[in-house]
Each structure stands twice: as C-alpha cells, then as structure tokens.
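Structure first, then comments.
Protein chains in written order, with our numbering: chain E, 226 to 457; chain L, 226 to 457.
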C-alpha cells in the first residue's frame, strides 16, 4: 500500500555526484590564483560573484565559468593572463564533459521504483547540460517525464503537479536540498523526503528556524526509499 | 474552418528581435579586436569557435559569451587584457538584460490566435534566458504550454506533439528558421509556416537542395498568419 502516484526525484547530488565536481574545480581555481590571494578570500569572492550573477545567468556550469573568470579578473586587478582565462574556460568544458557518476544504490532503486510509481525528474540548472547528463546516466528511460526548471519554488512544484495531473497528496519529492527539494514542496502541499549529500552548496543552506514545524522524512540513502514509500 | 488544433510558435526572431542583438554585440566585439585582426577574420574565427562549442555549451548567450572570450584569447595570442575580457562578460550580461522587443504585429496577432487555437511556444536556447524573455514579453499568458528545448529536430517535435496530445495533422509550427522551424516539422509529419527574419544566423542556413520537394507556406509577416490558418 502506498499513498503516492508520482515520485519526483532531484538529479544533482541525489541521483549523481555534482557538488564534488564544483568543489574539485574550485580547488584548481584557488591554486590558479594562489599567488594573488589566500584561499578563504578567493572562495568568498567567488561565492559573492556567483550569487550576484545568479539573477543574470541562472544555475549551471556556464554561469559558474563566467563567474570564475570575472572573479579572477577582479582579484588580480586585471592582471590575469589570457592563458589563465583559457584555463578557466577549459575547466568549465571539462566539468560539462565529466562522466556522470551515479550515487550508491541509485541504479537498482530507480529501476525498482519505476515498476510501482510514475517517476518524474525535477532538476534546475542548465537545460543542455542536464539533458546531456541524463542521457549519459543510464537511468533516464525510467522517468516518464523530465522537468528542467529555472527555479525550484512552490509555484514551480504546483506547475509540475498540474502538468503531471497529480494531486499534492499523491506527490512526493525526493532530494538532497532542504531549500529546493523539501521546503517549497511542503509549501505546495505535497510530501518531501530529504536525503542529505555529504557537501551542500552554500547557496542551498537553510537556517534551523526555517525548519521549525516542518514535517518531512530524512533518509540516509536512496536505498531506504522504497520501504519508506510503502510504509508512508 | 481550420485544420489545426495547435499552433506552435518559435520565439527568437519570430515573436521578438534576437539576431539583431547578436549582430550588434558582434560589431562591438570586432571593434575591441580591431587592432589585432581584420573584421572578416574575426567574424570567421568567432563563428568557428561558436560552432565547435555548440556541442559543449548548447545555444544561448552564456555560451556565446564564452566563445567570444575564447576567440579573443586565441586571436590575440593571449594578449587580451583582463579589462577587455571583463568587457566581453559585460556585453553578455547586457544581452541578457536587453529589453524584449516584439516584432511588428505580434502582440495583436498572438492575442487573436489564442482565441481560436491552443498556442504552444517552442524555442531552443537557454532555459533561464528564454523564461526571462517570455516573462518580459507580455504575450506569455496567451500560451497554454512553453517548450524550451535543447535542439529542434524531428524527434523533438514528435515529443512536443505527444506531450500536447495532438496528431501531426492538427499541428502547425511557425518560425523564421527553415532549419529549425520548418524542415524537422515536415519530417515529423506536421505542417510548417516560414516567416523569414531580415537576418539569419549562419548556423541556421540551409541549402536550396534541402528544400526540394518540401511543402510549406511562406508568409511575409505574422499578420498574415490568421488568414492563412483559416484558409489552410
């Protein structure tokens, strides 16, 4: 017995590793600028530039790459070389081509879930990049719909449920971000399951206060999801 | 009497001006590099870089901006300055923020069409940027669905028609690009209307041979579309 028809899954850091890719690139970025500034300062300025640029560029690797270039110009007072800027573009391109590594348990769990539920992928980020990752992931064929969205707020989830013709009571969202995969889903009247990833992008952090009175499940691994759904 | 249920419309250079924005930016790009190379050479190298990068970056302004930076580094043998690279990023950001200018006749025609047909917007490019333009366009509310796709081929159109639950015989696509809005639509078994824009991005050009034996309508302005649909 289950009370859900549609199980929606986040992609980055829920199905496949993603934040670790950004972390690894950021390490190289710090090394490139090490002669100009200390690592903490570089990290802080990059994050500030990224945050400022989100409203223009949205989420994704291309915007991140432009933010790295802009930060490098600023931190070096324009002394960054053409070769170094080219290195940053190459880092971005390497991220876009990086192999898609599924998290432990994803392949078998998604396959099992697809037999009992309508699966919908709901992810933000760059359309082209996310489609490319899904195509390479080998789990794409288990999803009956793919929703790549520019922002994950309650309105977005309401629109997804409307398009999928499912009532909020029959919809559950599963993901690693409290800010994007849990809180707005609860606000839209549906259920949410949080499966934390070992690193969280600073932009996705939420305060403890934001969680007061919120009801959602937290699982250690996607392997626990089928049993939770059956019992839920 | 009409034989169509769904009228699908392209966005860039069909609903609003777009290519002119790229053309204007490219003029500034040439000026920035004028001391290194002649205009024709700059244009050719930029187009080659763009084309090469499409497979990594997809369509859109962020990818175009990264291609401008990469071309500038290459053409100057790395001598481009940080300030000049920053100028290119600023040009990209200005493009993303540029006002959305509807083509002549679009506002009233889209409004009139919405009363008789289910309108679907089908556009490629950057998800974030296209959503932002649609929101600013003031015609977004006339569309019952928005499909932002990474590539416009016959498979894409078949998927759009399946999602919209419409048979190919009841679907017509309208746009300025023979390559993206006409030929793949005919291949998918639906009808197509070509409304040329006064400039076409080189990447969208098709040969005369590709058009041999193809049946589609060509209109001078979107203003002629309602009458064509009624007579069709």
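Backbone N, C-alpha and C fix where the C-beta goes; we use that ideal spot for every residue, glycine too.
Owing to the predicted nature of the structure, the values given are computational and were not obtained by experimental measurement.
Under a CB-based cut-off of 7 Å, is residue 287 of chain E close to chain L? yes
Where residue 356 of chain E meets chain L, residues with beta-carbon distance less than 8 Å: 375
Using 10 angstroms around the beta-carbon of residue 237 of chain E, count the other beta-carbons present and answer buried if the total reaches 16, otherwise exposed. buried
Would you list, in chain order, the members of the stretch 263-280 of chain E that have their beta-carbon closer than 7 Å to a beta-carbon of chain L? none
Is the Cβ of residue 308 of chain E closer than 7 Å to any Cβ of chain L? yes
Drop a sphere of 10 angstroms on the beta-carbon of residue 266 of chain E, count the other beta-carbons inside from all chains shown, and report buried for 16 or more, exposed for fewer. exposed
In chain C, which residues lie with their C-beta within 8 Å of the C-beta of residue 368 of chain L? Reference to chain C is not applicable here, since the protein chains of this structure are E and L.
Residue 344 of chain E beta carbon less than 7 Å from that of residue 367 of chain E: yes
Where residue 430 of chain E falls: helix, strand or coil (DSSP): coil
Are residue 447 of chain E and residue 350 of chain E closer than 7 Å when you measure CB to CB? no
Note down, in chain order, all residues in the stretch 342-356 of chain L with a beta-carbon under 8 Å from any beta-carbon belonging to chain E. 351, 352, 353, 354, 356
State the Cα-Cα distance for the pair residue 248 of chain E and residue 409 of chain L, rounded to the nearest angstrom. 40 Å
Under the three-state DSSP convention, the category residue 314 of chain L falls into: helix
Please state whether DSSP places residue 263 of chain L in a helix, a strand or coil. coil
By how many angstroms is the C-alpha of residue 417 of chain L removed from the C-alpha of residue 227 of chain L? 14 Å
Could you compute how far the alpha carbon of residue 391 of chain L sits from the alpha carbon of residue 364 of chain L? 23 Å
Closer than 8 Å by C-beta to residue 292 of chain E: which residues in its own chain qualify, once you throw out the five before and the five after it? Chain order, please. 271, 274, 275, 278, 282
What separation, rounded to the nearest whole angstrom, lies between the Cα atoms of residue 442 of chain L and residue 336 of chain L? 22 Å
Identify the residues that DSSP records as bridge partners of residue 353 of chain E: which are they? Paired residues: none, contrary to the question.
May I ask you to verify whether the stretch 285-299 of chain E touches the stretch 313-320 of chain L, counting CB pairs closer than 8 Å and requiring at least 3? yes
Could you list the residues in the stretch 313-343 of chain E with a C-beta less than 8 Å from some C-beta on chain L, going in chain order? 314, 317, 318, 321, 322
Going by Cα to Cα distance, which pick from E:252, E:235, E:455 is closest to residue 222 of chain E? The requested residue 222 of chain E is not part of the displayed model; chain E covers only 226 to 457.
Start and end residues, beta strand (DSSP E) containing residue 236 of chain L: Here residue 236 of chain L belongs to no beta strand (DSSP E), and DSSP marks it neither H nor E.
Name the DSSP bridge partner or partners of residue 372 of chain L? L:347
In the DSSP output, what is residue 443 of chain L paired with across the bridge? L:419
Keeping to the same chain, check which residues put their C-beta closer than 8 Å to that of residue 385 of chain E; ignore five residues upstream and five downstream. 233, 345, 347, 372, 374
Is there at least one Cβ from chain L nearer than 7 Å to residue 295 of chain E's Cβ? yes
Opening and closing residue of the alpha helix (DSSP H) in which residue 254 of chain E lies: 244-257
Spatial neighbours of residue 395 of chain E within its chain, please: CB distance less than 8 Å, with the 5 preceding and 5 following residues excluded, ordered by chain position. 228, 229, 230, 231
In whole angstroms, what is the alpha-carbon distance linking residue 422 of chain L and residue 449 of chain L? 15 Å
Whole angstroms are fine: how far does the CA of residue 239 of chain E sit from the CA of residue 327 of chain E? 9 Å
So, with DSSP's three-state summary, where would you put residue 400 of chain E? strand
Taking the straight line between their C-alpha atoms, what separation do you get for residue 407 of chain L and residue 398 of chain L? 7 Å
Since residue 231 of chain E sits in a beta bridge, which residues does DSSP pair it with? E:343, E:396
Euclidean distance between Cα positions of residue 321 of chain L and residue 411 of chain E: 33 Å
Among the candidates E:369, E:259, E:435, whose CA atom is the shortest distance from the CA of residue 389 of chain E? E:369
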